[in-house]
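The sequence shown: position 159 = 159 (UniProt numbering), numbered continuously.
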Amino acid sequence: MTKLFVAIGFRYFSLDMVKLGSQGPQHCCFASSSLLGFSLRQKNNCNQIRCFVSENDRYSPEKRIATLDAFTETVEKNKDTYLDLLHFYKNKDKHRRGHVEFIYVALKHMKEFGVHKNLEAYKSLIDVMPKGKFVAQNVLQAEFQHYPRQQQCIIDLLEEMEINGVCPDEEMEDTLANIFGRRSYAIRRYWRMMYWMPKLRNLSPWPVPDPLPDDSLELARLAIERITSVDPATKISVLETKEVEDSIDD
């Protein structure tokens, strides 16, 4: 089996070439690619297949548009570093090749950089998508989810925002409209979030701090305050028993 790289347009795809048995003077070659979902067959001699054999690894740093493992290799992980990585990718190549994979990798590492609850980080991540290319031109394209992979990627991003309690703003709507149009499934998901999240966020009359404290004493105090909130005159006092004989407190 020989590893070859077939040039289709301006992209290279890895193919596994297998030489089958010969029938008379002719030979047959079969090339398959699970990534592309098709197979190529060429009769006569296998050497006549037009392809390019890459001497270097196709994933070499010189050929990659953006280093996806930069999120794991970065030593200082904070908001500024995360935004710099997104800015580097957006300015590296105007065609934004591999933008879907890049967004999924960036989503995976948001908690490591501490930006999983930051609206600016999500907005900058959505801005990675190319503008105008994925807009549906008619109703049928819109209803059949024009460019479904790209739309599902942004829907997953919006769901991650909802899980982390991050409410979008109006600027995000304009960005999504420029990317997918106002009839896309992605912007419909945004509209549902804008309707429900502000209502549910302020629904409880006993809001709790976000994030919750780790101290067990503070958690117990919050629970007692909620239980006794029926009487507004209730006062909660914390008594220390360190000096009491037979006390188990430190």
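For each residue, glycine too, the CB sits at the ideal point set by N, CA and C.
CA-CA distance, Lys242 to Arg221, rounds to 19 Å. Sorting Gly114, Trp191, Ile126, Asn91 by C-alpha distance to the C-alpha of Tyr104 places Ile126 at the top. The straight-line gap separating the alpha-carbon atoms of Leu107 and Leu212 is approximately 23 Å. The three-state secondary structure of Cys167, taken from DSSP, is coil.
Sorting Glu101, Ala186, Asp84, Val166 by C-alpha distance to the C-alpha of Asp210 places Val166 at the top. Put simply, of Ile187, Asn164, Val135 the residue whose alpha carbon is nearest the alpha carbon of Arg201 is Asn164. Here Thr175 is buried, its C-beta having at least 16 other C-beta atoms within 10 Å. If you ignore the 5 residues before and after Arg226, its C-beta comes within less than 7 Å of the C-beta of Trp206, all in its own chain and listed in chain order. Taking a cut-off of 8 Å on C-beta distances, the segment 72-81 does not touch the segment 90-97, as fewer than three cross pairs fall below it. In the three-state DSSP reduction, Ser229 falls in the coil class, being neither helix nor strand.
In this structure, the alpha-carbon of Leu239 lies about 12 Å from that of Leu217.
Within the same chain, and ignoring the five residues on either side of Leu157 in sequence, the residues whose Cβ sits closer than 7 Å to its Cβ are Ile103, Leu107, Tyr122, Leu125, Ile126.
Going by C-alpha positions, Glu160 is about 50 Å away from Asp246.
Using a Cβ distance threshold of 8 Å, Ser184 and Ala142 count as a contacting pair. Linking Lys133 to Ile179 through their CA atoms gives a straight-line distance of about 7 Å.
Distance between Lys111 and Leu86, taken at the CA atoms: about 15 Å.
With 16 or more other Cβ atoms from the protein chains shown falling within 10 Å of its own Cβ, Val128 counts as buried.
By the neighbour-count criterion, in which 16 or more other beta carbons inside 10 Å mark a residue as buried, Gln137 falls on the exposed side.
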